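Beneath this line is the structure, given in structure tokens, with notes to follow.
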Amino acid sequence: MFAVFMLTTVFAGGCANDSSGTRESNSDDAAGDGDSSEADSGASQTGTGSANAETANAETADAETTDAETADAETADAEPSDETETDTSEDSDGVKFDLGPPLDAAPTPELPSPALWYSTQDYLFYIGIDPADGTATTPVQHDIVADDVLPLFGGGLAILEGGGLLLVRGPGSVGGYYDADSTSVFYAEGDSLPTTVPGVAYFEFLGKLPDNTAVEGLHVDCEGKVYLMDSGIHSASIIGNRLLRFTGDYLAGDLSYEVITDLGMADVPDIDDMSPGIDIMGELTDSQGFGLDSGRLYDFNYLDGTGVLLGMAGTYGVHVLGGPFFDDDVARLYVMDSSAALFEIDPVTLQSSGALVVGPDVMAQINPGLAGPLSLCDTSFPQG
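In case it helps, my numbering puts the sequence shown at residues -13 to 370.
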């Protein structure tokens, strides 16, 4: 602004001096010409007046132009440019700030070590799994201590988010009719569980399922919701089979549930244990999974009850550990038979590894279930 003002002053002064020189020249011409000078003088005066008017107009125009230029300059100073608006790393004095690298996405939760659990009678067993090749360590036996009577028949086991174990037991014996009692539900906190060293696993009694409901297998979806396989009126028939899902705060004793699927007409006669599935990309799936019925392994859709018999493998325990648990990022399918022998099964060819380990002979006609942690996956169960 200051430079523009100085140029305007010099320019206006120059115009005034040029106008004065014109008037002096006209006056000398008039004095030398005599009478005609008067006429010329009149013309000269008229011309001088015109010159003065033109000069004044020029000065006014120059002043207006200068004012306009000054206003434009002031406007340009006042209005920030697009570059200033979008450059968030530079302040009004031109000082640049180092904003650092862009923020990273939220870190992926750290996975626990791969492992499997099963339970029978008043024992809990831990099996470590080698992330290098999927082989198993010898089962470690822990005693179960519960704050209520622990039924010794029936059974299901699941690992919850945070590492806690949910255990269901009873009622009656395998093959019995369920018409007078319900399944008992127990919970052990993850931080309190013994693993590689024999110890005591303390389970809290959460209550019994409402409506004389008896369940066998447990299943956890990719969002951590818990599903229960209702055995219906009999543990060895399809009549009354349903897939249930907890809706209440079950860890606080609210064992209310909703029915997800009526399995009374399912392709699988009776399901003893449930597991996540593996899709063609090797990723975990939850509503399409593996179902095990007394040694018959199914690829099973838990939403509509359709399934395909894959072959014979295991007896009462099945679980998949996702690829992120292993060095080669390949998911693995495990089954357990009634002698507590653990096998890895190829999910496509059904080829068996042979017995990886064999646990203590304490199965005693009980569904041990087979539980393990979940890696990250996307659920396909309905929201609830």
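The beta carbon of each residue, even a glycine, is placed where N, CA and C say it ideally should be.
Because the structure is a prediction, the values reported are computed rather than measured.
- Item | In chain order, each alpha helix (DSSP H) run of at least 4 residues that lies wholly inside the stretch 239 to 285 | Within the stretch 239 to 285, no complete alpha helix (DSSP H) run reaches 4 residues.
- Could you tell me if Glu378 is buried or exposed, where buried requires 16 or more neighbouring beta carbons within 10 angstroms of its beta carbon? Nothing can be reported for residue 378, as the shown portion of the chain is limited to -13 through 370.
- For Thr271, count neighbouring C-beta atoms within 10 Å of its own C-beta (all shown protein chains included) and say buried if the count is 16 or more, exposed if not. buried
- Query: Just how far apart, CA to CA, sit Gly148 and Ala222?
  - Reply: 33 Å
- Query: Excluding the five sequence neighbours on either side, which residues of its own chain have a C-beta within less than 6 Å of the C-beta of Val186, listed in chain order?
  - Reply: In its chain, beyond the 5 residues on either side, Asp129 and Val131 have a beta carbon closer than 6 Å to the beta carbon of Val186.
- Item | Whole-Å CB distance - Gly210 paired with Leu146, under 8 Å assumed | 7 Å
- Message: My assumption, with CB atoms under 8 Å, is that Met322 sits in contact with Gly300. Please give the rounded CB distance.
- Response: 6 Å
- Let me know the secondary structure DSSP gives Tyr288 once reduced to three states. In the structure shown, Tyr288 sits in coil (DSSP, three-state: anything other than H, G, I, E or B).
- Quick one, are the C-beta atoms of Gly355 and Leu204 less than 8 Å apart? yes
- Message: Could you tell me the alpha carbon to alpha carbon distance between Gly239 and Gln337, rounded to whole angstroms?
- Response: 42 Å
- Any idea which residues DSSP pairs Ala187 with across the strands? Looking at the DSSP assignment, Ala187 forms a beta bridge with Ile130.
- Hey, is Phe139's beta-carbon within less than 8 Å of any beta-carbon in chain B? Chain labels in this structure do not include chain B; a single protein chain is all it has.
- Task: Please state whether DSSP places Leu237 in a helix, a strand or coil.
- Result: In the structure shown, Leu237 adopts helical secondary structure according to DSSP, grouped into three states.
- Task: Take the Cβ of Ala252 as the centre, count every other Cβ of all protein chains shown within 10 Å, and call the residue buried at 16 or more, exposed below.
- Result: buried
- Best match in Gly234, Ala327 and Trp103 for proximity to Pro180 [C-alpha to C-alpha]: Trp103
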